[in-house]
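The structure appears right after this line, and notes come after that.
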Amino acid sequence: QEASLKKNMAATLLQVVVVVVTWLLQASPGSEAKSEGCSLPTWSPQWSMRASTYGYCYGSCPLDALFNQSSSGLWGGIVGVDHYYTHQGMPCKNGKPNEFQQQDEFANATKSRFPNARVLEYRITDAVPYDPIVHDKMISDPDYFIRWHGTGPTGLNNGSICLAYGPEHKTGLPGDNCSWPIIAAAYDWSKPEVRQWYIETIIYPTLNVADGAWMDGDGPDNGCWMCSGSYDLPNLPKPYPALNATEITAFEQGESLVRETARKYLISKGGYEYGCIDFDSNTPNVHNMTQQQCVETIVDIANRTNPTQMIGLFGGRTGTSWPSGGAYSPASAAVAVATFLLTRGPYWLFVLPKSDTIDKNTAGLLLSDFGAAKGKLTVDGAKVTRSYEQGDVVLDCSTKQVTFPTSL
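In my numbering, each number is its position in the sequence shown, counted from 1, plus 50.
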């Protein structure tokens, strides 16, 4: 009996270790996702700055600044839109939130201003019922969601759908006039039919008027990782999670498969998913570097490659802080843009500021078009040069003076 007890204790300990290691390897809530299912876009390379920028609309939207600088709708890059920017489908109309409709409306409005823009609509891999599609599924097919069925560590077994805890997870407020509480649940990703339903019902429609999805994961504001146990497992309060260690693993594998399938589908249809952009929010700005550091840094950036993802420089998935605290500022924007043009590959992106106010000079550079690159950069002492169809881009690493082709 003692031997059997020790064996069971060892098995239990191993199970705990597996879960903890899995947790440690998870990205933090809302962090940049892994790149399963990614490949480069099917569209032709875009070499102009106006078509090679990435922005994100959250509290503010950089597209407003670019539209104010150019009413002709020159901009044609990629933009993601947060569900907070569309107010998470609220206030409710006739008691119903309409998040997906508001995402479509944002896409239509953006394309009316910028016909060449590529819009990635917000989707989340948690079951947030801020759209009737999700709420109705919770009513009609509760087995599509994680339920309290007695397998979790506390054995809670009342059959109800597990819901997130804490007031921060309740996004529908009394003034929003919603007929049901907007509280996150978790899809049961271990089930193939759930994954298929999500792909067909939640992901496919992002190509109706937009150009793909911005797929968020578990987040501290509306995620439901406490039900699945896929994040912060050691610190979850009772009775969470609703799953045991084996089920947690199946959940995580299923969610990974959903992302992979969604990305492959979107890319095959000419769309994209933001998780397939390899962001570098800490791109070194050579503005204050020595001559040698400047040259070496630019050459190093130019040597970067990623065969399965676009590369995003000078900011992260939600943009770069502005006018200070980010990867570049109004004073150093010209050097950052020059660095990008000197080093970039055919599917690279320059990340826009987190602001709806951008100075005229910076906006002019972000909306520029010098044609396609005619070759790679060359170094002659302090000067780094790259030829474009409209002329040369030159950065003097000694003085930090930048020369662009005269036509912006």
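Beta carbons: idealized from backbone N, C-alpha and C, even for Gly.
message: If you follow the alpha helix (DSSP H) that Lys288 is in, where does it begin and where does it stop?
response: Looking at the DSSP string, Lys288 is not in any alpha helix (DSSP H), and its letter there is neither H nor E.
Opening and closing residue of the beta strand (DSSP E) in which Ile533 lies: Here the chain comprises residues numbered 51 to 458, so residue 533 is not present and cannot be evaluated.
message: Using 8 Å as the threshold, is the C-beta distance between Ala300 and Ser374 below it?
response: It is not a contact, given that the beta carbons lie outside the stated cut-off.
message: Beta-carbon within less than 6 Å of Cys274's beta-carbon, same chain only, minus the 5 sequence neighbours each way: which residues are those?
response: Closer than 6 Å at Cβ, skipping near neighbours: Asp176, Ala214, Ala234, Ala235 and Ala236.
Coil, strand or helix - Asp132 by DSSP: In the structure shown, the three-state DSSP call for Asp132 is coil.
message: Which same chain residues end up closer than 7 Å to Thr103 when comparing Cβ atoms and leaving out the 5 residues on each side of it in sequence?
response: Once the five neighbours on either side are set aside, the close Cβ partners of Thr103 are Gly127, Leu399, Phe400, Leu402 and Leu416.
message: If you reduce the DSSP assignment to three classes, tell me which class Trp372 lands in.
response: Trp372 falls in the coil class under three-state DSSP.
message: Just to confirm the assignment, what range does the beta strand (DSSP E) spanning Leu427 have?
response: Note, Leu427: premise wrong, no beta strand (DSSP E); not H, not E.
query: Hey, out of Arg197, Gln151 and Asn356, whose CA is closest to Asp461's CA?
result: Nothing about residue 461 can be reported from this structure: the residues present for the chain run from 51 to 458 only.
query: Do Val385 and Leu427 have their C-beta atoms within less than 8 Å of each other?
result: No.
message: Using a Cβ-Cβ distance cut-off of 8 Å, determine whether Lys424 contacts chain B.
response: Among the protein chains of the structure shown there is no chain B, as only one such chain exists.
- prompt: Between the C-alpha atoms of Glu467 and Asn258, what's the straight-line distance to the nearest angstrom?
  reply: Residue 467 lies beyond the residue range present for the chain, which begins at 51 and ends at 458; the question has no answer from this structure.
task: Could you tell me the distance, in whole angstroms, from the CA atom of Tyr194 to the CA atom of Ile351?
output: Straight through space, the alpha carbons of Ile351 and Tyr194 are spaced by roughly 45 Å.
Own chain residues within Cβ distance below 6 Å of Asn294, not counting five before or after: For Asn294, where only same-chain residues beyond five positions count, the Cβ hits under 6 Å are Thr201.
message: If I follow the unbroken beta strand (DSSP E) through Met265, where does it start and stop?
response: Looking at the DSSP string, the run of the beta strand (DSSP E) that includes Met265 is Gly262 to Asp266.
- request: Can you say whether Ala422 is buried or exposed, counting buried as having 16 or more other CB atoms within 10 angstroms of its CB?
  value: Ala422 comes out exposed.
message: Cutting at 6 Å between CB atoms, please list the residues of its own chain near Ser78, excluding the five before and the five after it.
response: Here the model assigns Ser78 a pLDDT of 34, short of 50, so the residue's position is not dependable, and the following value carries that caveat. If we look at Ser78 and ignore the five residues flanking it on each side, it has no Cβ neighbours.
query: Between Val48 and Val429, is the Cβ-Cβ spacing less than 8 Å?
result: Look at the range of the chain in this structure, 51 to 458, and you will see that residue 48 is not part of it.
message: Taking the straight line between their C-alpha atoms, what separation do you get for Ala383 and Thr370?
response: Spanning the two alpha carbons is a distance of roughly 12 Å.
query: How many Å lie between Pro224 and Phe364 at the Cα?
result: C-alpha separation (whole angstroms): 40 Å.
query: In terms of alpha-carbon separation, which member of Tyr324, Gln343 and Trp125 lies closest to Gly431?
result: Measuring from the Cα of Gly431, the nearest candidate turns out to be Gln343.
field: Test item: CB-CB of Ser85 and Lys404 under 8 Å
entry: The Cβ atoms of Ser85 and Lys404 do not sit closer than 8 Å to each other.
Sequence-distant residues of the same chain with beta carbon closer than 6 Å to Ser98, five excluded per side: Scanning its chain for C-beta atoms nearer than 6 Å, with the 5 sequence neighbours on each side dropped, one finds around Ser98 the residues Asp419, in chain order.
Leu445: first and last residue of the uninterrupted alpha helix (DSSP H) it sits in: Not the alpha helix (DSSP H): Leu445 falls in the beta strand (DSSP E), residues Gly441 to Asp446.
task: Please report the residue range of the alpha helix (DSSP H) in which Thr296 lies.
output: For Thr296, the enclosing alpha helix (DSSP H) starts and ends at Ala295 to Ser318.
- request: State whether the segment 179 to 193 contacts the segment 163 to 170, with contact taken as three or more CB pairs (one from each stretch) at a distance under 8 Å.
  value: Counting C-beta pairs with one atom in each stretch, the segment 179 to 193 and the segment 163 to 170 have fewer than three that are closer than 8 Å, which means they do not touch.
query: Which residues bound the alpha helix (DSSP H) around Glu155?
result: Segment Glu149 to Arg163, the alpha helix (DSSP H) holding Glu155.
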